[in-house]
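Heads up, the sequence shown is in the working numbering, so the first residue is 2 and it goes up one at a time.
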Amino acid sequence: MKQKAVLAFSGGLDTSVVIKYLQEKHNMDVITVTVDVGEGSDQKKIAAKAKKLGVLRHYNIDAKLEFVQKFIHPAIKANALYQKKYCLATALARPLIAQKVVDIAKKEKVDALAHGCTGKGNDQVRFDITLRSGSNLPIIAPIRDLNLDRTTELAFAERHGISIDSVSKKFSIDQNLWGRAIEGGHLEDPYSEPPDDAFIWVKTKNLPDKPRYLEIEFENGVPVAVDKKRMNPIKLIEYTNKVAGDYGVGIIDHIEDRVVGIKSREVYETPAALCIIEAHADLEKMVHTKHETKFKEMVDSEWAFLAYSGLWQDPLKRDLDKFIDESQKTVTGTVRLKLYKGAFRVVGRKSKYSLYSHDIATYGKGSAFDQRKATGFVELWGLQTTEANKLLNKR
Ligand code: ARG
C-alpha cells in the first residue's frame, strides 16, 4: 500500500507544486487540507484544483470564527504589531492551519505531514513547531528540502499543467481576514515604491474628498460594534477593512527581521488591523494607570515577538495571555477615528472605566488639583538627578 501524507493546501504555487512532488518523488498519496481563514478565495475552486492534481481526498475546513476568536482577538488585546508595524496576519493563521493538519493526520492515520513553506521564511518555523507540538510524524517540506526557487517552481508548474494566476506570477501573496501580505518581484528592491496594482484592499487613487469617522466600541478589549452597529466578529473585521480601505488607510511598507536572520522588505494591506489596534491602544491608555501602560507595552512587544517567531505554543505566551486577559477587564468603551485620504487618527474616546478626570486635568477655574502641592513633589522626584548634577558641576 502507498504511504499517505497530509498537506496544508492553499491552492497557490508552492503547495500545488508540493502535491506533484509528493506523488512523483515520494510516491505518496496526498490528502489536502484547506483551512479557510478568510482568504476570500473560492474554496470550491481550491477543492477542484486539488482533485485535478490527483489527491486522494480533500478537506475544506471553515475556521474563520475560530481564527477571529482564538487568534485575532488575543492579538488585539496585545496591540500586536511586530517591530511596531506588522499586524501578524500570516503569523497568526499558521498555528491554526497546522493544528488542523494534525487533526486530519490523526483521523486519516497518515505516514507524514507536509507543507509548502520555503526554508527562507517564517512560515516553516510556525508550521514545524506547531506540527511537532502535536505529532511525532515526519515532516516533508519539498520546497525547502530541494532548495527550490520561484522561477524553477513556475517552470515545474507549467510542465505539470498546474494553472497559476497572473497575480501569483508577479507577487507572492498571503491573505486572510486580518491582512494581506505582498512579497517578491519588484518589491524586492527596498527603494522602489510598490506599484498600485499590488493593492486590492486599499484604494490608492480617487479617494473621497470628505473625511469619514469610524467609531469602534470595545468590551473587555474586544471590538463588538462599529459605527454603532453590533456585528458578528468576522463581519466586524470585514466591514472595517472595507471602510478604512476605501479611505486609503491600511498600507504598511517596512523592513522586517525574519526569524532565520534575513532582512526582508514587506508590504501589507491591513486596514482593519491598524484601525482597531490604534483604537484599542488608545482606549487602554484611558483606563489603565501609567504603571499598567508602561508594563503592558513590554508584555505586548514580547507577545508579538513570540507570535511572529513561531512560538505560539510556548508556555511564556500562555502566561502573557493570562496577564493580558486580566488587564482587559476595564478595556470597555468607544473610540472615534477620523479617516481622510490615506491617514487616520483617533479624535475621541470614552469609557465608563475612564481614569481621566476633567476636574483634575482642567486648566480652567476650580480644578480639584492643587498646584501648590506640585512644588514639593517635583523637588523630591528630581532629587537624585539634581544632586548628581551639582556634584558634576563641582568637578
Ligand atoms: N513576513 C510575513 C510573515 O512572516 C508575511 C509572509 C507572507 N507570506 C507570503 N507567502 N507572501 O508573517
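Quick reminder that beta carbons are idealized off the backbone N, C-alpha and C, glycines included. Keep in mind the model is a prediction, meaning the values are calculated, not measured.
When you compare only the Cα positions, how much space is there between phenylalanine 370 and leucine 356? Take the alpha-carbon of phenylalanine 370 and the one of leucine 356: they are about 14 Å apart.
What does the alpha-carbon distance come out to for the pair asparagine 390 and lysine 85? Rounded to the nearest angstrom, the two C-alpha atoms are 35 Å apart.
Near aspartate 129, which residues of its chain fall below 7 Å by C-beta distance, leaving aside the five closest residues on each side in sequence? Ile140, listed in sequence order.
At what residues does the alpha helix (DSSP H) containing asparagine 394 begin and finish? Start and end: 384-395.
Inter-residue Cα distance where the pair is glycine 120 and phenylalanine 378: Rounded to the nearest angstrom, the two C-alpha atoms are 57 Å apart.
Check histidine 187 in the structure and name its three-state DSSP category. Histidine 187: helix per DSSP, three-state reduction.
Tell me the DSSP secondary structure of leucine 340 in three-state form. Strand at leucine 340.
Find the nearest neighbour of histidine 74 within the set Ala94, Arg396, Val244, Gln176, judged by alpha-carbon distance. Nearest C-alpha to histidine 74: Ala94.
Let's test the definition: count the other Cβ atoms within 10 Å of the Cβ of arginine 127 and tell me whether it reaches 16, buried, or not, exposed. It is buried - the Cβ of arginine 127 has at least 16 other Cβ atoms within 10 Å.
Contacts around lysine 339, its chain only, beta-carbon distance under 7 Å, and the 5 residues preceding and following it disregarded: Counting only residues of its own chain and dropping the five nearest sequence neighbours on each side, lysine 339 has a CB closer than 7 Å to the CB of Pro212, Tyr214, Phe345, Arg346, Val348.
From this set, Val34, Val38, Lys108, which residue's C-alpha is nearest alanine 48's C-alpha? Nearest neighbour of alanine 48 by Cα position, chosen from Val34, Val38, Lys108, turns out to be Val34.
Given phenylalanine 72 as reference, the closest of Ile62, Leu89, Lys264 once Cα atoms are compared: If we check each option's Cα against that of phenylalanine 72, Leu89 comes out closest.
Proximity below 7 Å, CB of arginine 350 to CB of leucine 284: Yes.
Per DSSP, cross-strand counterpart(s) of threonine 35: Paired residues: Asn61.
Can you grab the Cα-Cα spacing for the pair isoleucine 253 / glutamine 385, in whole Å? Approximately 43 Å, taken between the alpha carbons.
Leaving out five residues on either side along the sequence, give the residues of the same chain with a beta carbon under 6 Å from the beta carbon of glutamate 154. Exclusion of the five residues before and after glutamate 154 leaves Leu14, Val18 as the residues of its chain whose Cβ lies within less than 6 Å of its Cβ.
Whole-angstrom distance between isoleucine 32 and tyrosine 60, CA atom to CA atom: Cα-Cα distance, rounded: 8 Å.
Quick one: what does DSSP say asparagine 123 is sitting in, helix, strand or coil? Coil at asparagine 123, not helix or strand.
If contacts are defined as beta-carbon pairs under 8 Å, then isoleucine 238 and tryptophan 179 qualify, I think. What distance do you get, rounded to the angstrom? 7 Å between Cβ atoms; contact.
Please name the residue, chosen from Ile201, Lys264, Tyr83, that lies closest to glutamate 298 on a Cα-to-Cα basis. Distances from the alpha-carbon of glutamate 298 to those of Ile201, Lys264, Tyr83 put Tyr83 closest.
Entirely within the segment 214-250 and at least 3 residues each: give me those beta strand (DSSP E) ranges in chain order. The segment 214-250 contains these whole beta strand (DSSP E) runs: 223-227.
Hey, could you find the ends of the alpha helix (DSSP H) isoleucine 144 is sitting in? Start and end: 143-146.
Histidine 397, enclosing alpha helix (DSSP H) - first and last residue: Residue coverage of the chain in this structure runs from 2 to 396, which leaves residue 397 outside it and unanswerable.
Do three or more CB pairs link the segment 245-262 to the segment 167-175 at distances below 8 Å? Flag = no, the segment 245-262 and the segment 167-175 do not touch.
Buried or exposed (CB count within 10 angstroms, at least 16 for buried), tyrosine 269: Per the 10 Å Cβ criterion, buried.
Is DSSP giving histidine 255 helix, strand or coil here? Three-state result, histidine 255: strand.
Which of the three DSSP states, helix, strand or coil, is assigned to lysine 170? Helix, per DSSP.
Would you kindly report the start and end of the unbroken beta strand (DSSP E) that includes alanine 6? Element bounds for alanine 6: 5-9.
Just to confirm, is the Cβ distance from valine 411 to alanine 64 under 7 Å? Residue 411 is absent from the model: the chain starts at 2 and stops at 396.
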